[in-house]
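Colleague:
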Amino acid sequence: MKSIKWITRTAALAAVLFVAQSSAEAGKPPKGFTALFNEKDLSGWWGLKTEDPAKWMALSPDKFAEKKAASLKDIAKHWSVDGEELVNDGHGMYLTTEKNYGDFELLVDYKTVAKADSGIYLRGIPQVQIWDYTKEGGKWNIGADKGSGGLWNNSKGAPGKDPVVLADKPFGEWNAFRIVMV
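If you read the sequence shown in this note's numbering, its first letter stands for residue -17, the second for the next number, and so on.
#1: Take every Cβ of the region 65 to 79, pair it with every Cβ of the region 20 to 29, and state whether three or more of those distances are shorter than 8 Å.
#2: Decide if the region 85 to 94 is in contact with the region 147 to 163; the criterion is three or more beta carbon pairs, one per stretch, under 8 Å apart.
#3: Taking three-plus beta-carbon pairs below 8 Å as touching, is the region 134 to 150 in contact with the region 107 to 115?
#4: Near Trp38, which residues of its chain fall below 8 Å by C-beta distance, leaving aside the five closest residues on each side in sequence?
#5: Among residues of its own chain, excluding the 5 on either side of Lys59, which ones have a beta-carbon nearer than 7 Å to its beta-carbon?
#6: Where Gly129 and Glu155 are concerned, what is the direct C-alpha to C-alpha distance, given to the nearest angstrom?
#7: Of the residues Asp144, Gly139, Asp23, Ala96, which one's Cα is nearest the Cα of Lys151?
#8: Quick check on the DSSP output: what are the complete beta strand (DSSP E) runs of length 3 or more inside the region 73 to 124, in order along the chain?
#9: Pick helix, strand or coil for Phe153, following the three-state DSSP scheme.
#10: Could you tell me the boundaries of the alpha helix (DSSP H) in which Asp44 lies?
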């Protein structure tokens, strides 16, 4: 199993929004932030595959309820809570918040593992990339050499495509993102 305070997957994570425990007091978000993960269960989450959010937002209430119910079975199979951490087995749908957000600031703490290829999808796209930054990870030649934090789905050379610096910590150590979406 892979672990993050929100969990890294070897397959890409999508649409996961989690305000991390960045404050000194565990379980409490910083002033002005709302915790999206209750540290107990998967309440407040459902599952999605990589798809345009406009497609599921256009569904009738009945069709959306069917889609969501089916996704809950999948996330129950592949996601769990271990202590205060979300854990994924590397398979299944991506966690998606039940609540939709407009402009936001997101604080995320995560750990990664060797050969990880993961990310945080923001409103479907772009994806803030999280991956193994070593040559051994197998993605060195497509951008992993620059580290995590770039906007993977942006065009080559576009602002934000690559992180400004390689700041990834060694596997098993906590990393942090501050993501502002406006």
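Backbone N, C-alpha and C define an ideal beta-carbon position, used for all residues, glycine too.
Modeller: On the basis of the data shown:
#1: Contact between the region 65 to 79 and the region 20 to 29 is present, because at least three Cβ pairs lie under 8 Å.
#2: Three or more Cβ pairs drawn from the region 85 to 94 and the region 147 to 163 lie within less than 8 Å of each other, which places the two stretches in contact.
#3: Yes: the two stretches touch, three or more of their Cβ pairs being nearer than 8 Å.
#4: Around Trp38, the same chain offers Leu30, Phe46, Lys49 as residues with beta carbons nearer than 8 Å, after the five sequence neighbours per side are excluded.
#5: Around Lys59: Gly74.
#6: Each residue's alpha carbon lies about 15 Å from the other.
#7: The residue among Asp144, Gly139, Asp23, Ala96 with its C-alpha nearest the C-alpha of Lys151 is Ala96.
#8: With a minimum length of 3 residues, the continuous beta strand (DSSP E) runs that stay inside the region 73 to 124 are 76 to 79, 86 to 92, 99 to 103, 109 to 113.
#9: Collapsing the DSSP output to three states places Phe153 in coil.
#10: Element bounds for Asp44: 43 to 60.
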